[in-house]
Structures are given as C-alpha cells and as structure tokens.
Amino acid sequence: MSDKKKPNRTSVVVIVIVAILMLGVCIGAVCYKLLGPVGTFVNLKVYLGLSSADEYAISVNMVQSSYKAKKYEDMVYLPLDMVVESVDERFYYDSSVGAILYAMPTQLMTIYPNTASYEVGGVSMDSYYCPFLLSGSDKYIASSFVSELSGCNIGIYDDESTVVLWDVPDTLSEMEVSVLPLKGSSGTIRTQATIRGSIVKNVTKDDVIYLIDTEDDWHLVMTDKGLHGYIKSSQVRADAAQSVTMINSAKYDYTNISMDDDVVLVWHQVSSPDAAAQTEAMQSRIANTSGVNVISPTWYSLAAEEGYYSSTASAQYVEAAHSMGLKVWALVNNFNNEVNNYKFLTTYEYRQRFIKGIVGEVLSIGADGINIDFEAGSTGYGGINKDCGPAFLQFLRELSIECRNNSLVLSVDNYVPMPYNMYYDRTEQGKIVDYVIVMGYDEHYAGSDAGSVASYDFVKNGIVNTLAEVDADRVINAIPFYTRVYNIDEAGAVLSSEAKSMAGMNDMLSAAGAEIIWDDVTKQNYSQFIYEDLRYVVWLENAQSVQWKMDLIEEYKLAGVACWKLGLETTDMWSIIND
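The numbering used here puts the first residue of the sequence shown at 253, with every later residue one more than the last.
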C-alpha cells in the first residue's frame with residue numbers, strides 16, 4: 253500500500269476557485285479592452301481632415317464645412333466659394349476683371365489678387381497683408397477682411413488648427429445657441445456616440461460646450477475652439493443649458509428710400525417714341541384713375557450685350573407727370589431676344605456702361621426712380637437663367653450704389669417665388685433695393701393649359717413666400733388688369749389664347765350671352781361659352797377678384813400695389829384699390 257497522501261479536497265477547491273477567478277480576471281480584462289471606454293486620443297489632423305500643416309478646419313454656425321482654410325504669412329484665409337455660400341455672397345469674383353468686387357452701400361470695393369492694395373470707389377488703399385490670394389483656380393479671402401465687411405465673428409485657434417465662424421442668418425437679427433455645463437469637474441468628448449469612440453478632447457469647466465443635437469444618451473457638441481464630437485449625457489446638465497445670443501456687427505448700413513404713403517403704381521406701356529404723343533396718352537389715361545402716385549413708363553431696353561440700350565425717355569413726360577402729383581419710375585427691361593444676358597451681366601465693363609448711361613439719363617430728365625424688369629429666359633438670350641443669378645444680383649448691387657448716391661428709388665420686378673426661380677434671391681434684393689415687386693399674375697399664360705391668370709392661392713402664396721425673404725414694408729404686390737381667354741375644343745384642350753382688357757372681356761361675354769358663375773377656389777368669376785361658333789373658357793379679373801387681392805395686400809401690410817397695365821382696367825378698379 254502506498255504512503256502517498258491524497259490531495260486535500262479543500263485545497264483542490266481553492267485551486268479551482270483561484271483558477272476561475274484568474275480566468276474571470278483575464279476575461280474581464282479582455283472584455284474591458286474590447287468593450288470598455290477607449291482611452292486613446294484621436295489624431296486631430298486626421299480627424300479634422302487636414303492634409304498639410306497650413307490647413308485649418310472650418311465650422312460655420314456649428315456645422316463642419318467641407319472647405320479648409322489656409323494659413324499664409326501669419327494670416328488665415330477662407331476659401332472664397334465657402335464665404336459666398338455660407339457667409340456673404342457680396343464677395344463677388346468677376347472674371348472679366350480678375351478681381352473680387354464687394355458692393356458697399358455707396359461705393360464699390362475692388363480687391364485684386366496677390367497684392368496688399370485694393371480700391372474703394374476707385375481710390376487706392378493699402379493693407380499690411382494681402383486680402384485676396386489667387387493660386388491657379390483656388391481663391392482665398394483673408395479672414396479679417398471677411399469679418400470686417402460682413403460683420404460675422406471669426407475665431408482662429410492655432411493649437412487645434414480650427415476656424416470657428418458665427419454668422420447670423422439674413423432672416424434673423426440674432427441667433428440663440430445653447431451651452432451645456434458639466435456635472436463634474438471634467439468630461440470626455442469622443443468621435444462617436446459610444447465609449448468605444450476615440451477621445452477628441454477631455455474638457456473642463458473652463459471649456460465652452462455648445463449643444464448641436466441629442467442622440468439617446470449622448471449629445472453632439474462643439475467646443476468653443478471648433479472641435480466636434482459626442483459627450484455622455486451623464487457628464488453634462490442638459491436641464492441647466494444656458495442660452496447665448498449671437499449677433500452680427502455689420503459695418504455697413506444699406507439705407508433705403510420709402511414713400512410716405514402706400515405705393516399705388518401703374519405701368520404705362522409706351523408705344524410711341526414721340527414725347528408729345530406718349531405724354532398725351534399718359535395724361536388721358538391717368539385722368540380716368542384715382543389714387544395713383546407712381547407711374548412707370550416702359551422706356552428702356554437692353555439692346556446689346558456690351559451694355560448699350562434703347563430709350564424712348566422724355567423730360568416732357570416727366571414734367572407732365574410731376575404736375576399731376578406722380579412720381580416717375582422709369583422701367584428697364586431685357587426683352588431683346590438677340591442679347592446674351594449672361595455675357596452682359598458677367599462683364600463689369602458692360603454692366604457699368606449700362607448703369608452709368610441709364611442713371612445719367614434718368615437724372616437728366618428728372619425722373620424719380622428706376623424699375624428693373626429683367627425676366628427669365630432658358631438660355632440667357634432675351635432673359636436670365638440660373639447661371640445668370642449671381643451676376644444679376646451683382647448688377648443690382650452696382651446699380652443700387654448709383655441710385656442711392658443720386659436719391660433714385662430702385663424697384664425690381666420678381667416672379668412669384670417658385671423652386672425654379674429662386675436664383676432671383678429676393679433675400680439679397682430686399683437688402684439692396686428699395687422695393688421688391690411681386691408680379692402676382694401669369695399663373696397661366698400663352699401656351700399653357702387653361703386656367704386663371706391670378707388665382708387667390710397663387711397670389712397669396714406669392715406674397716407669403718416673398719415675405720419669408722423680404723420685409724413687408726418693402727414688398728409691393730402687382731395685380732393684372734387683364735384676363736386671358738382660352739379657345740378650347742370639346743375635350744377642353746387649348747387651341748389658342750388671348751389676353752384681353754377688362755372692358756374687352758366684358759364685351760365678349762355680353763355678346764355671347766355667357767353665363768357667369770363664382771368660383772370660390774380661385775375667388776374669380778368663371779365662364780365657359782360659345783362665341784362666333786368657337787368654345788371659350790375664362791376666369792375673370794374684375795371688381796370681385798381684385799377686391800380679394802387688395803384684401804391680401806391689406807392683411808399682410810404690404811408697401812402697396814402695382815398694376816399691369818394702365819388702360820386695361822375698368823373705372824371701378826380705383827375705388828377698390830383706394831378703399
């Protein structure tokens with residue numbers, strides 16, 4: 253029999269327990285490593301998408317931009333495209349002169365590339381740095397220049413290689429943002445909404461943490477130095493978030509001229525170049541109106557892309573209008589289908605030739621203002637398209653300088669806002685011109701299907717959507733004095749259409765013995781009738797429909813009404829308009 257002792261059962265149990273504990277510790281360590289908080293700091297250069305030492309990440313109103321700033325000779329420069337898109341579209345690069353043009357209220361600034369000199373109103377100025385860097389097709393504008401001209405707040409943080417830009421949107425006078433206080437003395441901002449995300453920054457009570465959004469138990473935040481990431485909701489006090497007001501300190505005040513009374517404008521389509529004939533026509537037609545205080549004769553037209561124009565303007569006409577108590581806003585159109593509007597609008601020399609010429613002539617004949625009626629065209633010939641949008645606005649800015657300096661009222665005709673015509677940028681227009689006119693008609697037109705020229709909802713939506721961009725006291729709604737009657741087949745398809753005066757339409761309906769019924773959707777009288785063996789359909793513009801439109805103008809407290817055109821109305825219009 254062996255003398256060896258069998259292992260003590262207790263010892264075996266202890267060994268097993270120890271082994272299990274050690275295994276547990278190992279498993280725990282592995283799990284913690286795999287599932288616990290990551291203690292590794294992110295590489296900020298990589299995290300911010302910076303590819304070189306001179307690049308800076310940009311945040312605009314807590315949104316990370318895909319653009320990168322550039323440091324050059326101790327100055328940080330912002331990409332021009334980013335500035336135009338996100339901050340201030342008045343930094344307009346004109347390829348015809350190879351310079352950035354910035355329209356101030358009464359002067360035009362010209363910023364040439366790669367030099368410390370620039371011009372204001374043609375006078376040379378010097379800076380201690382280069383405001384505009386141009387390298388190939390890459391364009392950068394000095395951050396200090398952007399801040400000074402646009403009034404936005406820009407913070408530059410060399411340690412993090414970040415630029416933080418606060419720019420209050422044009423539709424707001426100020427902007428509120430939320431700041432989150434820490435619960436304890438510190439917190440951790442990570443790359444993802446999980447403890448497995450790498451550390452962006454360990455923050456303390458000295459750091460400002462802006463709240464962007466909340467995702468479950470995490471908050472998306474930005475530090476005051478432009479570092480974005482996620483912080484655990486348990487590390488901050490969302491219930492004690494503080495509101496901070498951001499305000500732009502714009503340096504320039506774009507003053508505007510406003511009439512003392514509500515505007516009642518009529519457009520006068522001038523058919524004769526003879527001064528006496530057009531003056532007589534105006535006087536005889538105005539004699540049938542009441543309450544009109546502005547007349548806009550169709551005098552000027554863009555005749556060539558080089559900035560030449562045709563004119564039928566008359567000092568005799570202005571003198572006669574003034575004697576009748578009327579202001580005269582000379583209309584300028586772009587209806588020549590042979591003119592390349594894009595080339596005209598994108599060429600500084602051509603714009604200036606046109607502006608100087610027309611403003612000089614308007615002043616010489618004693619007129620009171622200018623009404624721009626530049627309408628759309630799909631190709632840029634005989635109209636403006638989306639490609640022309642930025643240049644059209646620059647044209648208005650440059651024209652507004654001349655008008656402001658010479659006390660001329662500047663008004664601009666606009667379509668009812670639609671997704672396809674937003675390049676007219678009524679927000680910018682509302683700052684630089686005196687009156688934005690909404691052409692509340694042509695809902696249906698020659699070549700369209702049959703329908704109202706200006707239904708109630710069409711007009712109302714045009715007003716409401718314009719007011720989303722422009723203050724009411726700067727908006728004039730235009731109403732039609734015409735009706736479009738459609739010749740249709742038995743199936744209702746349009747064969748042809750014709751615009752008729754109010755009286756002319758009434759005569760046609762009377763001759764046809766037409767039945768007229770009220771359409772409460774369009775807020776117009778409607779008729780389908782037979783005239784001279786042809787079938788017609790019409791939505792009438794008359795006293796009832798105009799009353800609804802004037803009610804909208806009153807409801808939204810607009811600056812006034814404009815009417816197309818003088819001579820198409822019936823006399824009962826004036827009591828409604830002036831009521």
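Just so you know, even glycine gets a beta-carbon here, dropped at the ideal spot from N, CA and C.
Model, not experiment: these values are computed from the prediction.
Of the residues the options, the one placed nearest residue i, counting alpha carbons only
i: L651; options: M670, V664 and N673; result: V664
i: S510; options: E821, V790 and G812; result: G812
i: Y693; options: Y676, M576, P732 and K683; result: P732
i: Y594; options: I610, K638 and E571; result: K638
i: Y600; options: F644, V661 and A572; result: F644
i: Y552; options: G612, M498 and L578; result: G612
i: R678; options: K801, V688 and P671; result: V688
i: W418; options: Q494, K453, N500 and V460; result: N500
i: I653; options: V339, N313, M356 and V290; result: M356
Where the alpha helix (DSSP H) through residue i begins and ends
i: E767; result: Neither: E767 is in no alpha helix (DSSP H) and is coded neither H nor E.
i: G439; result: Careful: G439 lies outside any alpha helix (DSSP H), inside the beta strand (DSSP E) at S438 to R442.
i: Y552; result: From DSSP, Y552 is part of no alpha helix (DSSP H) but of the beta strand (DSSP E) over V546 to L554.
i: K297; result: L296 to Y299
Simplified DSSP assignment, three categories, for residue i
i: F710; result: helix
i: K285; result: Legend: pLDDT at K285 = 48, less than 50; position of this residue unreliable, no value from coordinates given.
i: M253; result: Unreliable positioning characterises M253 in this predicted model, as indicated by a pLDDT of 46, which lies under 50. The coordinate reading is nonetheless provided below. Coil.
i: V372; result: strand
i: F343; result: coil
i: M576; result: coil
i: K453; result: strand
i: I740; result: strand
i: C866; result: The question about residue 866 has no answer, for the chain in this structure spans 253 to 831.
i: A640; result: The question names Ala, yet the displayed sequence has Cys at residue 640. Of the three classes helix, strand and coil, the one that applies to C640 here is helix, per DSSP.
i: Y614; result: The amino acid occupying residue 614 in the given sequence is Val; Tyr does not appear at that position. Correct three-state label for V614: helix.
i: Y338; result: Rather than Tyr, the amino acid found at residue 338 in this sequence is Ser. If DSSP states are grouped into helix, strand and coil, S338 belongs with the helices.
i: G756; result: helix
i: L432; result: coil
i: N666; result: strand
i: S399; result: helix
i: K808; result: Per the sequence shown, the amino acid found at residue 808 is Tyr instead of Lys. Three-state DSSP puts Y808 in coil, outside helix and strand.
i: I689; result: strand
i: T531; result: helix
i: G233; result: Limits of the chain in this structure are 253 at one end and 831 at the other, which puts residue 233 out of reach.
i: I829; result: helix
i: G819; result: coil
i: T718; result: helix
Rounded straight-line distance, which links the Cα of residue j to that of residue i
i: L792; j: V516; result: 22 Å
i: E467; j: Y708; result: 44 Å
i: I617; j: T564; result: 11 Å
i: M576; j: C815; result: 18 Å
i: S827; j: S536; result: 19 Å
i: K752; j: A539; result: 22 Å
i: K809; j: W519; result: 22 Å
i: E784; j: S762; result: 13 Å
i: N592; j: A628; result: 12 Å
i: A533; j: D526; result: 11 Å
i: P383; j: I363; result: 7 Å
i: D458; j: V315; result: 22 Å
i: Q521; j: S318; result: 50 Å
i: W800; j: D505; result: 37 Å
i: S342; j: K320; result: Checking the sequence shown, residue 342 turns out to be Arg, not Ser. Answer to the nearest angstrom: the Cα atoms are 20 Å apart.
i: M757; j: E742; result: 21 Å
i: M474; j: Y462; result: 5 Å
For residue i, the first and last residue of its enclosing beta strand (DSSP E)
i: I624; result: G621 to D625
i: D785; result: Per DSSP, D785 belongs to no beta strand (DSSP E) and is neither H nor E.
i: V307; result: The amino acid occupying residue 307 in the given sequence is Glu; Val does not appear at that position. Its beta strand (DSSP E) spans residues E307 to V312.
i: I499; result: Run containing I499: none; DSSP gives neither H nor E here.
i: A730; result: V727 to P732
Distance cut-off 7 Å: residue i Cβ against heavy atoms of the ligand GTP
i: S369; result: In the structure shown, the ligand GTP is absent, as is every other ligand, since no ligand is present at all.
Answer yes if the segment 389-396 comes into contact with the segment 325-332, meaning at least three C-beta pairs across the two stretches below 8 Å, and no otherwise. A contact exists between the segment 325-332 and the segment 389-396.
Three-pair Cβ contact test at 8 Å for the segment 398-415 versus the segment 296-303: As far as the Cβ criterion goes, the segment 398-415 touches the segment 296-303, which means the pair count is three or higher.
Inter-stretch contact at 8 Å, needing at least 3 Cβ pairs: the segment 581-589 / the segment 544-563: The count of Cβ pairs closer than 8 Å, one atom from the segment 581-589 and one from the segment 544-563, reaches three, so the stretches are in contact.
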